[in-house]
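The sequence shown begins at 15 in the numbering used here and counts up one residue at a time. Below: the structure, in structure tokens.
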Amino acid sequence: MNSFLYKIKILLLRILGYEKPLRVALLKYLSLKFTNFRPHYETLIYEASKSSIKLGYSEINVIELGVAGGDGIKSLIKYKKKIEKVLKIRINIIGFDTGSGLPKTMDKKDLPFFWKQGDYTNKNLKDLEKESDNVKIYQGNISSTIDQFISENQHKIGLIIFDLDLYSSTKLFLNKIPNLSEKNFLLPRTFCYFDDLFVADYFLDNTNGEPLAITEFNNEFKDIKLGKSFDHINDFKFPLAKGQIYTLHDLNNADYDKYIGIYDSDSLSGHNKDKFRSILDD
Ligand SMILES: C[S@@+](CC[C@H](N)C(=O)[O-])C[C@H]1O[C@@H](n2cnc3c(N)ncnc32)[C@H](O)[C@@H]1O
């Protein structure tokens, strides 16, 4: 068997053994082929916007940690424009990146055998600010730019997209979350998306990378928690982001108990004829 046929055989085995419906693989393939097609980013901003509106906020920040060439920021801009038309909300897009790619690391928990210094350099990082109104890029290591952001910020953060690859960089940002809470910049429950919880090569796991940074965060902080929903067959909200969404619970947030539930008081009572919400509102 030549090497091409052998690769086809391995691919077929993997397709047959793949647990998810193949349409999920198709969606993933499309998102890799068209870098600005990110159904998870779109649904995340949409849900973050709906939650913010329910809580009474008409302007929010969406943060992408790790911008690289800017495909993520461009897709966020595309979706923000659509959502601003559909919902009464203003969305600011904020990116953080060194511009010079991944920083040097000696920490084994950063997987230096997989990610190396200088990967994803973008010399024109700041040009992304010209793509649309309300886009701000903090260029530099987040160890310093996060404090600059904290001193300048004016709006609630509705969504944080973590894509810094490294354990150490993720931890740098997570360690600043109590400051964001003290300044009242967080929603009571802020959506967080973690891009680097899984790589198909299997060496990224609970002992390193983003997963370890999350575990340590939850061990270190009492009143702020990163919670992950249980995997459930009824879950449909965030295509391609299954298992990657966490809720940042800011338990001391003044709005934490504010009711934003979806059920009317008599929605389950026998006399309510209008029991079912439109699936479009879910
Ligand atoms: C995988 S790339 C981001 C890709 C981007 N989110 C996208 O979807 O196109 C990771 C980025 O994180 C940035 N990064 C990692 N650690 C950082 C740190 N401590 N400060 C600033 N940027 C950092 C790197 O420069 C790199 O561009």
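Even glycine gets a Cβ: it sits at the ideal position worked out from N, Cα and C.
Any non-hydrogen atom of ligand 1 within 6 Å of Y152 CB: Result no, Cβ not under 6 Å from ligand 1.
CB of H54 within 7 Å of CB of L254, strictly: The Cβ-Cβ distance between H54 and L254 falls below 7 Å.
Backbone CA spacing between N50 and M15 [nearest angstrom]: 38 Å
Touch test, the region 141-152 against the region 36-47, Cβ-Cβ under 8 Å, three pairs minimum: no
Residues sharing a beta bridge with I105, DSSP: I74
Range covered by the beta strand (DSSP E) that runs through L240: 238-242
I238 versus I171 - alpha carbon distance: If you draw a straight line from the Cα of I238 to the Cα of I171, it comes to about 15 Å.
Segments of 3+ residues assigned as beta strand (DSSP E) that fall wholly inside the region 154-220: 170-176, 200-208
Continuous beta strand (DSSP E) stretch holding H263: start and end: 259-264
Three CB pairs or more closer than 8 Å across the region 115-128 and the region 91-102: They do not touch, by the three-pair rule.
Selection from G257, I22, H246, F18 that minimises the alpha carbon distance to P225: Here the closest residue by C-alpha is G257.
Contact test: Y134 Cβ vs ligand 1 heavy atom, cutoff 6 Å: yes
Where F110 sits in the DSSP three-state scheme: F110 falls in the strand class under three-state DSSP.
Neighbourhood of D219 by C-beta distance below 8 Å, restricted to the same chain and skipping five residues each side: P225
Straight-line gap, I24 to T229 (C-alpha atoms, nearest Å): 35 Å
Coil, strand or helix - Y55 by DSSP: helix
Endpoints, the alpha helix (DSSP H) within which Y20 is located: In the DSSP annotation of this structure, the continuous segment of the alpha helix (DSSP H) that includes Y20 starts and ends at 17-31.
K95 - DSSP class collapsed to helix/strand/coil: helix
Limits of the unbroken alpha helix (DSSP H) element including V81: It is not in any alpha helix (DSSP H) - V81 carries neither H nor E in the DSSP assignment.
For Y256, the residue or residues it bridges with in DSSP: The sequence given here has Lys at residue 256, not Tyr. K256 has no beta-bridge partner at all, per DSSP.
Helix, strand or coil at Y134 according to DSSP, with G and I counted as helix: coil
Length of the line joining the Cα atoms of I108 and N75: 7 Å
Cβ pair D179, D210 closer than 7 Å: Cβ distance < 7 Å, so D179 and D210 count as in contact.
Buried/exposed call for F18, threshold 16 Cβ in 10 Å: exposed
Beta bridge counterpart(s) of I151 as assigned by DSSP: G109
Length of the line joining the Cα atoms of S183 and N232: Near 17 Å, if we compare the C-alpha coordinates of N232 and S183.
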